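Residue numbers are given in my numbering: position 60 of the sequence shown equals residue 60, and the series is strictly consecutive.
All C-beta atoms in this analysis are idealised placements derived from N, C-alpha and C, irrespective of residue type, glycine included.
Fair warning: this is a prediction, and the values are worked out from it, not measured in the lab.
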Amino acid sequence: EVETKFQVLNEQFSLQYDRNPIESIKSRLKSTDSLIRKIRRKQVPLTVEAIEQNITDIAGVRVVCSFPEDIYLLADCLLQQDDITLIEKKDYIEEPKPSGYRSLHLIVEVPIFLQDEKRNMKVEVQLRTIAMDFWASLEHQLRYKKNIPEDQAEELGRELVECSDISAALDFRMQDIRKRLARAELENEPQPTELQRRMGARLREQPVLTALETNLQNLKEKNLGRAGRLRGRQTGTDQETESGRKDT
Ligand code: 0O2
Numbered sequence: 001e002v003e004t005k006f007q008v009l010n011e012q013f014s015l016q017y018d019r020n021p022i023e024s025i026k027s028r029l030k031s032t033d034s035l036i037r038k039i040r041r042k043q044v045p046l047t048v049e050a051i052e053q054n055i056t057d058i059a060g061v062r063v064v065c066s067f068p069e070d071i072y073l074l075a076d077c078l079l080q081q082d083d084i085t086l087i088e089k090k091d092y093i094e095e096p097k098p099s100g101y102r103s104l105h106l107i108v109e110v111p112i113f114l115q116d117e118k119r120n121m122k123v124e125v126q127l128r129t130i131a132m133d134f135w136a137s138l139e140h141q142l143r144y145k146k147n148i149p150e151d152q153a154e155e156l157g158r159e160l161v162e163c164s165d166i167s168a169a170l171d172f173r174m175q176d177i178r179k180r181l182a183r184a185e186l187e188n189e190p191q192p193t194e195l196q197r198r199m200g201a202r203l204r205e206q207p208v209l210t211a212l213e214t215n216l217q218n219l220k221e222k223n224l225g226r227a228g229r230l231r232g233r234q235t236g237t238d239q240e241t242e243s244g245r246k247d248t
């Protein structure tokens, strides 16, 4: 459900702004190992109700964008939809985790339609840039590597925090370049000629088909007029044109 919503949003953006804000969308179900670790860490009683209540990221959607501002734009568009209820928002871009982790997390509730019932499901939506995603997958590997001596793991952790800051700075710099590019393109757009401006204004005044019809009619009359003039010159007289009016 949620993945389809993002796919539709991406299409709408592409039509409206001529670019796709989403690089990739992945739906994921939490792995059993990861689920068990979380149940233990949060000391959740082993009942379906308790797990559903306390573990909100069993079903997840990861949306990877090119630029940070696309993340907030897409989050707003999703939350504006009638059937989506926001349960919790965690902005790890505004406030990164001590590990250096950056992403926007939305826990939302969405109705799903089963064979004979409608149920509300909690879904964790993780929105991040390509750079944030690249960083998170490398850091994820470090977290679950078992045979790394503690001092080396600490050193690598420090370096990863540094990399996270560098990649965040790069994200915002690239976003700024994109904005400047778009502005420059707009400012240097070729200006229409006087004739194009006049034609444009006329087309805007009237529906296109009517405008085309009028132009065709004008052309027809002009040609008939020219034909009449030619005939007149050939016979040496000023003749009535075929359109029935006197051509001068
Ligand atoms: P996996 O294997 O990806 O599923 P909470 O649910 O709020 O009580 P939690 O789990 O800390 O507690 O929630 P949070 O911080 O929103 O994290 C949920 C998921 O975000 C994680 O799921 C990761 O996918 C991702 N994440 C959070 N922090 C980090 C981090 O420091 N590094 C990386 N690489 N990913 C992070 P799981 O269950 O931890 O892992």
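By a C-beta neighbour count over all protein chains shown, 10 Å radius and 16 as the cutoff for buried, is residue i buried or exposed?
i: Glu-240; result: With a pLDDT of 44 at Glu-240, under the threshold of 50, the predicted position of this residue should be treated as unreliable, and no value is reported.
i: Gly-244; result: For Gly-244, the predicted model reports a pLDDT of 42, less than 50, meaning its position is unreliable and no value from the coordinates is stated.
i: Ala-153; result: exposed
i: Asp-176; result: exposed
i: Gly-127; result: The sequence given here has Leu at residue 127, not Gly. By the neighbour-count rule (16 or more Cβ atoms within 10 Å), Leu-127 is buried.
i: Arg-102; result: buried
i: Pro-192; result: exposed
i: Thr-32; result: exposed
i: Lys-5; result: buried
i: Phe-67; result: buried
i: Pro-21; result: buried
i: Lys-250; result: A question about residue 250 goes unanswered here, because the residues of the chain that appear run from 1 up to 248.
i: Glu-88; result: exposed
i: Ile-71; result: buried
i: Asp-171; result: buried
i: Asp-238; result: Here Asp-238 scores only 46 on pLDDT, less than 50, and its place in the model should not be relied on; the value that follows carries that caveat. Result: exposed.
i: Asp-18; result: exposed
i: Glu-117; result: exposed
i: Ile-93; result: buried
i: Glu-139; result: buried
Could you round the C-beta distance between residue i and residue j to whole angstroms and report it? I think they count as a contact, below 8 Å.
i: Lys-1; j: Val-110; result: In the sequence as presented, Lys is not what sits at residue 1; that position holds Glu. The Cβ separation is near 5 Å, so the contact holds.
i: Cys-65; j: Leu-74; result: 7 Å
i: Leu-104; j: Leu-86; result: Not confirmed; about 12 Å, so no contact.
i: Leu-29; j: Ala-59; result: 6 Å
i: Gln-112; j: Arg-119; result: Looking at the sequence provided, one finds Ile at residue 112 rather than Gln. Their Cβ separation, rounded to whole angstroms, is 6 Å, which keeps Ile-112 and Arg-119 in contact under 8 Å.
i: Arg-62; j: Lys-38; result: That pair is no contact at about 17 Å.
i: Glu-124; j: Asp-76; result: With 8 Å as the limit, Glu-124 and Asp-76 do not qualify as a contact, their Cβ atoms being about 18 Å apart.
Let's see if you can read the secondary structure: which residues bound the alpha helix (DSSP H) around residue i?
i: Ile-84; result: Here Ile-84 belongs to no alpha helix (DSSP H), and DSSP marks it neither H nor E.
i: Leu-9; result: 2–17
i: Ser-34; result: 32–41
i: Val-61; result: Careful: Val-61 lies outside any alpha helix (DSSP H), inside the beta strand (DSSP E) at 59–65.
i: Glu-52; result: 48–54
i: Pro-98; result: Pro-98 -> no alpha helix (DSSP H), and no H or E assigned at all.
i: Tyr-72; result: 68–79
Which residue marks the beginning of the beta strand (DSSP E) containing residue i, and which one marks its end?
i: Glu-23; result: 22–29
Report yes if the C-beta of residue i is less than 8 Å from at least one heavy atom of the ligand SAM; otherwise report no.
i: Glu-88; result: Among the ligands in the structure shown, the ligand SAM does not appear; only the ligand 0O2 can be found there.
Entirely within the stretch 114–200 and at least 3 residues each: give me those beta strand (DSSP E) ranges in chain order. DSSP runs (the beta strand (DSSP E)) wholly in the stretch 114–200: 118–129.
Touching by the beta-carbon criterion (3+ pairs, under 8 Å), the stretch 45–52 and the stretch 5–24: Not touching, per the Cβ criterion.
For the stretch 33–47 against the stretch 78–93, are there 3 or more C-beta pairs whose distance is under 8 Å? Here the stretch 33–47 makes no contact with the stretch 78–93; the two share fewer than three CB pairs at distances below 8 Å.
Should the stretch 118–136 be called in touch with the stretch 165–182, which here means at least 3 C-beta pairs below 8 Å? With a cut-off of 8 Å, the stretch 165–182 and the stretch 118–136 count as touching, because enough Cβ pairs lie within range.
I want to know whether the stretch 88–99 touches the stretch 157–164 - three or more CB-CB distances under 8 Å. The stretch 88–99 vs the stretch 157–164: in contact.
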